[in-house]
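S.K.: If you're matching them up, the sequences are chains A, B, C and D in order.
Note that the numbering used here gives residue 78 to position 78 of the first sequence, counting from 1, and the numbers run on in steps of one.
Note that the numbering used here gives residue 367 to position 163 of the second sequence, counting from 1, and the numbers run on in steps of one.
Note that the numbering used here gives residue 555 to position 147 of the third sequence, counting from 1, and the numbers run on in steps of one.
Note that the numbering used here gives residue 791 to position 179 of the fourth sequence, counting from 1, and the numbers run on in steps of one.
Idealized CB from N, CA, C, for every residue including glycine.
4 protein chains.
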Amino acid sequence: MPKVVPEYKEEAKARILSAATQTFAERGYHGATMDDVARVIGVSKGAVYVYFKNKEELFQEMCRRCTEDLERNLNASFAGGTFFQAASVYFDKAMSDLAAHMFWLESLAEMPRNPSVKRMLQESYVRYNEILVRFLDRLKVEGAVGKDVDNRSLAGVLMALHDGVVAGMAQGLNESEAKKVWSDGAKLLLQGTVGHSSTNGRNG
Amino acid sequence: MPKVVPEYKEEAKARILSAATQTFAERGYHGATMDDVARVIGVSKGAVYVYFKNKEELFQEMCRRCTEDLERNLNASFAGGTFFQAASVYFDKAMSDLAAHMFWLESLAEMPRNPSVKRMLQESYVRYNEILVRFLDRLKVEGAVGKDVDNRSLAGVLMALHDGVVAGMAQGLNESEAKKVWSDGAKLLLQGTVGHSSTNGRNG
Amino acid sequence: MPKVVPEYKEEAKARILSAATQTFAERGYHGATMDDVARVIGVSKGAVYVYFKNKEELFQEMCRRCTEDLERNLNASFAGGTFFQAASVYFDKAMSDLAAHMFWLESLAEMPRNPSVKRMLQESYVRYNEILVRFLDRLKVEGAVGKDVDNRSLAGVLMALHDGVVAGMAQGLNESEAKKVWSDGAKLLLQGTVGHSSTNGRNG
Amino acid sequence: MPKVVPEYKEEAKARILSAATQTFAERGYHGATMDDVARVIGVSKGAVYVYFKNKEELFQEMCRRCTEDLERNLNASFAGGTFFQAASVYFDKAMSDLAAHMFWLESLAEMPRNPSVKRMLQESYVRYNEILVRFLDRLKVEGAVGKDVDNRSLAGVLMALHDGVVAGMAQGLNESEAKKVWSDGAKLLLQGTVGHSSTNGRNG
DNA sequence: CATGAATGAGACTTCATTCAT
DNA sequence: GATGAATGAAGTCTCATTCAT
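#1: Is any beta-carbon of chain C found at less than 8 Å from that of Pro-614 (chain D)?
#2: Using a Cβ cut-off of 9 Å, pull out every chain A residue sitting near Pro-316 (chain B), in sequence order please.
#3: What span of residues does the alpha helix (DSSP H) with Arg-447 (chain C) cover, start to end?
#4: Looking only at its own chain, which residues have a Cβ that is under 8 Å from the Cβ of Asn-73 (chain A), when we skip the five neighbours before and after it?
#5: Return the CA-CA distance between Ser-496 (chain C) and Asp-749 (chain D), expressed in angstroms with no decimal places.
#6: Quick check on the burial criterion: 16 or more other C-beta atoms within 10 angstroms. Buried or exposed for Gln-289 (chain B)?
#7: At a CB-CB cut-off below 9 Å, which residues of chain A make contact with Ala-291 (chain B)?
#8: Determine, using beta carbons only, whether Asn-407 (chain B) comes closer than 8 Å to chain A.
#9: If we ignore side chains and look at the alpha-carbon of each, how far apart do Tyr-663 (chain D) and Thr-635 (chain D) end up?
#10: Looking at the unbroken alpha helix (DSSP H) that takes in Thr-286 (chain B), where does it start and where does it end?
#11: Quick check on the DSSP output: the alpha helix (DSSP H) that includes Ala-756 (chain D) runs from which residue to which?
#12: Report all residues from its chain with a CB closer than 7 Å to the CB of Pro-206 (chain B); omit the five preceding and five following residues, and keep chain order.
#13: May I have the straight-line CA-CA distance separating Leu-393 (chain B) from Ile-335 (chain B), to the nearest angstrom?
#14: Taking Asn-54 (chain A) as part of the alpha helix (DSSP H), name the residues at either end of that continuous run.
#15: Does Ser-248 (chain B) get closer than 8 Å to chain A when you measure Cβ to Cβ?
#16: Reducing DSSP to helix, strand and coil, say where Asp-97 (chain A) ends up.
#17: Could you tell me the alpha carbon to alpha carbon distance between Val-445 (chain C) and Arg-725 (chain D), rounded to whole angstroms?
#18: So, for Ala-440 (chain C): in the same chain, excluding its five sequence neighbours on each side, which residues have a beta-carbon less than 8 Å away from its beta-carbon?
#19: In whole angstroms, give me the CA-to-CA distance for Ala-508 (chain C) and Gln-468 (chain C).
#20: Using a Cβ cut-off of 7 Å, pull out every chain C residue sitting near Tyr-737 (chain D), in sequence order please.
#21: Please classify Ala-155 (chain A): is it buried, with 16 or more other beta-carbons within 10 angstroms of its beta-carbon, or exposed?
#22: Return the first residue and the last residue of the alpha helix (DSSP H) that Leu-557 (chain C) is part of.
#23: List the whole-angstrom C-beta distance separating Met-771 (chain D) from Gly-576 (chain C), where the pair is believed to meet the contact cut-off of C-beta under 8 Å.
#24: Measuring alpha carbon to alpha carbon, tell me which residue in B:Asp-239, B:Lys-213, B:Gly-284 is nearest Val-345 (chain B).
#25: Using the Cα positions of Gly-580 (chain C) and Met-470 (chain C), report the straight-line distance between them to the nearest angstrom.
#26: Mind pulling the chain D residues with CB within less than 7 Å of Ser-485 (chain C)?
#27: What separation, rounded to the nearest whole angstrom, lies between the Cα atoms of Arg-356 (chain B) and Asp-184 (chain A)?
#28: Verify whether the separation of the beta carbon atoms of Tyr-536 (chain C) and Glu-583 (chain C) is less than 8 Å.
#29: Going along the chain, which residues of the segment 730 to 757 of chain D sit with their C-beta nearer than 7 Å to a C-beta in chain C?
#30: Of all the CB atoms in chain C, is at least one closer than 8 Å to the CB of Ala-769 (chain D)?
#31: What would DSSP say about Ser-736 (chain D), mapped onto helix, strand or coil?
#32: Identify the continuous alpha helix (DSSP H) that holds Gly-31 (chain A) and give its terminal residues.
#33: Identify, in the order they occur along the chain, each residue of the same chain with its Cβ nearer than 6 Å to the Cβ of Val-165 (chain A), setting aside the five sequence neighbours on each side.
#34: Going along the chain, which residues of its own chain have a beta-carbon closer than 6 Å to the beta-carbon of Ser-532 (chain C), five neighbours each way excluded?
#35: Taking Cβ positions only, does Asp-209 (chain A) come closer than 8 Å to chain B?
Now the structure itself:
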């Protein structure tokens, strides 16, 4: 890969970010050293500083990419289909990057001390919610969600379920258990929304 | 109370643990220094080392007490009454110690690097689950939960919802929003368990 | 020297400042490492940080003390007596701390990059001038300095002579050569002030 | 001018030296990076290494050129005319390159750590002195300087005055104040040399 | 020749831990 | 027991220098 092509720097950055996400997920923000990150891709400490001004900026860029990836995944998964299809598609895709989950916990813990990360996570939290609300609004129109349900609240519950499953995996839940919690939770919630009054099960 | 009696040592330990929990919650495990902890209670760094061999042991003891507190709260809240009563009692008690939530996120993030903490959190996770399963089993006997529901799974969903609400608070949810997510989630889940077949709303 | 006495910290600070002045004078601000400074007094790097927040603050404190010492020396030397007595007393005292001269050159060079040092040196420069002006004013009253001489300007010339002698020593002038330049310069200047008109040689 | 001719290399070297002098004067030897120097003339770091083996050699070459420039200026200014004419001509020319003054202070400070620079500055100091002595010898022949004056010493005083004025400018003296110190100093010194015995003011 | 990505030695700084008082 | 000065390992970051392109 010649150094002269313009894409080179972007690739190098991406390589570092990938190594850093993995390392930070394993060792945490404070436990991971710049040396650790560099060693993963077989370069020297100094090389990382060519692409990122400091550890903090590296971390922020990782957060940015992670939240964007998650948003992309949500957008792609909750674009159409039934509730369960979407939830399942989303979950399977999300599970393919387990390191991202631990990294997310790390960034949650870093929020109180890093205003930039805090802002990013709070803003992305709101955006995720909106994606889900849009999806649920469509389901309501189709009758798959009861008319008396507050979709904003339901979206909040779904996100809590999601975050809680990730936290659960950190606490020992294996992947299949996590998937069961996620799908059982989703099923119960959807059943709850149609409640005893509705009979529409098309989207369930 | 003279200084030589054993109670004094316990009091001193408790004072340090309380200061440490607060400090670790604010600054994180790595961000909080032994000096910070000592300063909060107005003693010297050296004094902390009289009661705890090192930072790690201090942290582990904090984790132990936090998981015990949480377990106590769960046991007390999910001892009797309806599902919503229990959920509400629990939540109100839990909210009274907000620092504990951030500390819990910290300990989650520390798990991969601290086997002892990892074991503690995984074991307590299982115990929490058992508490909830016992509670749900009773509700099922009383008919408040549908007979075809897997209580172990429902307990897992409830815990995920709980953990997700805490994570949501870190991401910007305020206390009343959090309470709404928690109670709406609990309501939807219970409605889901009784589904379209059951008509029993006594425990809702 | 017990650590419990209050004077201990002041003494430790003074010890570090002395070691630092010597080290900075030899190696320069950038060439001298905190390790170098610590090693001179046989302590560890970390000990220096107990007394000074960082290298910059250490340097500033050194500047402060050096300018104060110089001012004290000027005040003591140019308090009374003839011009030559004062100049000679001053010079002999100043020469006893050669390291201070090189340190002063270092701080001159650091001025453009260190606003705090810049301010300190500029302010002390003005104060030195005032000390000399006061002294010259007295001489004028006594008739040792011609009435038509601008004492402020003469003080400026004297200070330039002083600074130039120090610079000259850096450039190879040995102590006796420096003393000759200083005293010959002072003599010529004083002769110049009384010029061809005055005949008063009492202070020459 | 094709790139292969030797003149090109000389031009490139001169361009780098000029950029480096400016940069080193502003940021100091340690504060100025090779990148800074290269950026000023819009070339890459590597290009500087084509013309100079390392930072030290670049610095030495700068010192050499600066001392040569100063010597040239002294030779040109103190070639003929009266004392004041020479001093004034010299000063005006010297003031046109203020950066050189700060660079000179930098190199003074670097002397203890750079034997090559030390040797250069010490040798040039001697040469400057000889230029002034030659000039003063001529004035003495012409009677503008008293016969009983030690010209070598007077030259030393003049150089101290010069260096002190430069140091004074670093300490806050503006250009007109500096000029006043320089010319008042020169006047007083010359008056001093003719002293109470001589009445010759032709050169004053 | 020129470029600039990469290196790695070395500096500053922090902080858990120890120990003499 | 309590203190806090001192230690030293370890981490972040810089930058002179090299070298493949």
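M.R.: The structure says:
#1: Low local confidence applies: a pLDDT of 46 at Pro-614 (chain D) is under 50, so the model's placement there is unreliable, with the coordinate-based value given in what follows. Pro-614 (chain D) does not count as touching chain C.
#2: In chain order: Ala-25, Glu-26, Arg-27, Gly-28, Gly-31, Met-102, Ala-170.
#3: Under the DSSP assignment, Arg-447 (chain C) falls in the alpha helix (DSSP H) whose first and last residues are 442 to 448.
#4: The residues Tyr-90, Lys-93, Ala-94, in chain order, have a CB closer than 8 Å to that of Asn-73 (chain A) in the same chain once the five nearest residues on each side in sequence are set aside.
#5: Using only the alpha carbons, I get a separation of about 29 Å.
#6: Gln-289 (chain B) comes out exposed.
#7: At a beta-carbon threshold of 9 Å, none of the residues of chain A lie near Ala-291 (chain B); the nearest stands roughly 13 Å away.
#8: The predicted position of Asn-407 (chain B) is uncertain, since its pLDDT is 43 and thus under 50; no value can be drawn from it.
#9: Taking the straight line joining both Cα atoms gives about 17 Å.
#10: Where Thr-286 (chain B) is concerned, there is no enclosing alpha helix (DSSP H), given that its DSSP letter is neither H nor E.
#11: Segment: none, Ala-756 (chain D) is in no alpha helix (DSSP H) and carries neither H nor E.
#12: In this predicted model, Pro-206 (chain B) has a pLDDT of only 46, less than 50, meaning its place in the structure is not dependable enough to derive any value.
#13: Rounded to whole angstroms, Leu-393 (chain B) to Ile-335 (chain B) spans 18 Å at the Cα level.
#14: First-last for Asn-54 (chain A): undefined, no H or E at that position.
#15: Not one chain A Cβ lies under 8 Å of Ser-248 (chain B).
#16: It is coil, neither helix nor strand.
#17: Straight-line measurement puts the Cα of Arg-725 (chain D) at about 16 Å from the Cα of Val-445 (chain C).
#18: Answer for Ala-440 (chain C): Ala-428, Thr-431, Phe-432, Glu-434, listed in chain order.
#19: The alpha-carbon atoms of Ala-508 (chain C) and Gln-468 (chain C) are separated by roughly 14 Å.
#20: Chain C residues near Tyr-737 (chain D): Gln-579, Gly-580.
#21: Counting other Cβ atoms within 10 Å of its Cβ, Ala-155 (chain A) reaches 16 or more and is therefore classed as buried.
#22: In the sequence as displayed, the identity of residue 557 (chain C) is Val instead of Leu. Per DSSP, Val-557 (chain C) belongs to no alpha helix (DSSP H) and is neither H nor E.
#23: Contact check for Met-771 (chain D) and Gly-576 (chain C): beta-carbon distance about 7 Å, within the 8 Å limit, so the pair qualifies.
#24: It is B:Gly-284.
#25: When rounded, the distance between both Cα atoms is 25 Å.
#26: Per Cβ cutoff of 7 Å: no residues; Ser-485 (chain C) is ~18 Å from chain D at best.
#27: Those two C-alpha atoms are separated by around 11 Å.
#28: It is not a contact, given that the beta carbons lie outside the stated cut-off.
#29: Here the close residues are Leu-733, Gln-734, Tyr-737.
#30: Ala is not the amino acid found at residue 769 (chain D); the sequence shown has Val there. True, the Cβ-Cβ gap to chain C drops below 8 Å.
#31: Three-state result, Ser-736 (chain D): helix.
#32: Segment 7 to 31, the alpha helix (DSSP H) holding Gly-31 (chain A).
#33: Here the set comprises Ala-178, Val-181, Trp-182.
#34: Result list for Ser-532 (chain C): Thr-475, in chain order.
#35: Residue 209 (chain A) cannot be examined here, being either before or after the span of chain A that is shown, 1 to 204.
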